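In the UniProt record's numbering, the protein residues as written are 301 to 594. See structure below.
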Ligand code: NAD
């Protein structure tokens with residue numbers, strides 16, 4: 301569903317302080333993007349290495365812009381100082397929106413969301429960057445489901461223009477509109493979509509991954525498929541894309557889609573991606589997936 305007038309974001313709540321839970325591929329990217337467009341953001345993880353990696357990536361991206369003469373070293377410093385990495389919840393009571401970007405696991409997400417809801421102001425918006433889990437389902441663990449929406453960025457966050465803003469059954473117009481407004485401030489193109497497993501984009505993308513997996517089972521060479529899909533016009537083929545997404549995240553998300561659409565998305569065999577996951581091949585994040593990264 302296209303954003304209607306009431307979701308346009310004009311006149312809605314201004315977000316002056318954000319926080320992101322998780323400093324992984326997505327959390328780190330969201331922090332970088334918010335900071336680059338002027339919104340201070342607290343980045344919380346449970347692992348110091350993740351925080352270091354998130355900050356490292358942000359510096360690398362900003363450093364590239366300095367090299368190209370698009371940013372001064374002083375502005376790079378200012379942008380980095382807008383990201384505050386932390387292992388604890390200090391200062392969460394002054395935050396206007398919290399974007400949850402932890403692992404794609406409903407149990408972990410509901411636990412983290414209800415934990416954080418107890419620490420924030422009454423009107424703080426809680427948003428989930430889940431790829432596939434229904435927002436109405438996640439809202440069941442919350443006391444104030446009206447403040448909860450989906451805010452689904454795509455990977456890599458700094459390059460992908462789209463953000464799906466997902467309206468759960470109980471999400472308020474105000475929460476949706478403020479999230480739309482923040483996405484715009486972050487330089488993105490938000491669309492408001494209805495809630496269901498996978499929302500809009502992943503309802504298209506996951507059947508595509510399933511089609512790719514069947515083709516490989518039928519004997520196709522995955523590298524050849526990637527090359528063909530690039531010639532077809534996609535920026536990368538499905539195997540490379542799964543490595544970028546994270547094989548672990550892809551497998552968790554595929555499980556949610558299969559549970560959500562058992563009539564359509566429940567293969568009766570183990571996918572190649574699942575086999576790789578069982579063999580600890582998580583994609584670019586640990587250096588080996590479909591491809592090997594040195
Ligand atoms: P990731 O594995 O790179 O990062 C997850 C991070 O969450 C890790 O650093 C982990 O330490 C941290 N974490 C776990 N429990 C936590 C907690 N209780 N509090 C704070 N941090 C915690 O995963 P990712 O790829 O960044 O995915 C995060 C979310 O974004 C998932 O829901 C995923 O489905 C979604 N998403 C992923 C992509 C993608 O392409 N990878 C795209 C869009 C959305």
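Note that beta-carbon positions come from the ideal geometry of N, C-alpha and C, so glycine has one too. All of these numbers come straight from a predicted model, not from anything done at the bench.
- Under the Cβ criterion (8 angstroms, minimum of three pairs), the segment 323-343 counts as touching the segment 395-408.
- Residue 508 holds the alpha-carbon nearest to the alpha-carbon of residue 564 among 508, 413, 538.
- In the structure shown, residue 455 falls within a coil segment according to DSSP collapsed to helix, strand and coil.
- Listed in chain order, the non-local C-beta contacts of residue 455 below 8 angstroms within the same chain comprise 325, 326, 329, 544, 545, local neighbours out to five positions each way being set aside.
- Contact fails between the segment 434-447 and the segment 348-361, because fewer than three Cβ pairs, one in each stretch, are under 8 angstroms apart.
- Across the structure, residue 445 and residue 487 are spaced so that their CA atoms are roughly 27 angstroms apart.
- Taking non-hydrogen atoms of the ligand NAD into account, the C-beta of residue 564 is found less than 7 angstroms away from none of them.
- Residue 486 has its Cβ no nearer than 7 angstroms to any heavy atom of the ligand NAD.
- Assignment of beta strand (DSSP E) within the segment 424-506, counting only whole runs of 3 or more residues, yields 425-428, 448-453, 462-467, 489-494 in chain order.
- Relative to the non-hydrogen atoms of the ligand NAD, the Cβ of residue 442 never comes closer than 7 angstroms to any of them.
- Taking 8 angstroms as the upper bound for CB-CB distance, residue 464 and residue 312 are not in contact here, some 18 angstroms apart.
- Going by DSSP, residue 562 is part of no alpha helix (DSSP H) at all; its letter is neither H nor E.
- Excluding sequence positions up to five before and after residue 334, its CB lies within less than 7 angstroms of the CB of 318, 341, 486, all in the same chain and listed in chain order.
- The closest CA to that of residue 349, considering only 385, 362, 513, is found on 385.
- The beta carbon of residue 325 sits closer than 7 angstroms to at least one heavy atom of the ligand NAD.
- With contacts defined as CB atoms closer than 8 angstroms, residue 583 and residue 547 qualify as a contacting pair.
- Taking residue 490 as the centre and dropping the five residues before and after it, the same chain places the C-beta of 463, 465, 480, 483 closer than 6 angstroms to its C-beta, in chain order.
- In this structure, residue 572 lies near residue 516, with their beta-carbon atoms less than 8 angstroms apart.
- The C-alpha of residue 501 is placed about 24 angstroms away from the C-alpha of residue 397.
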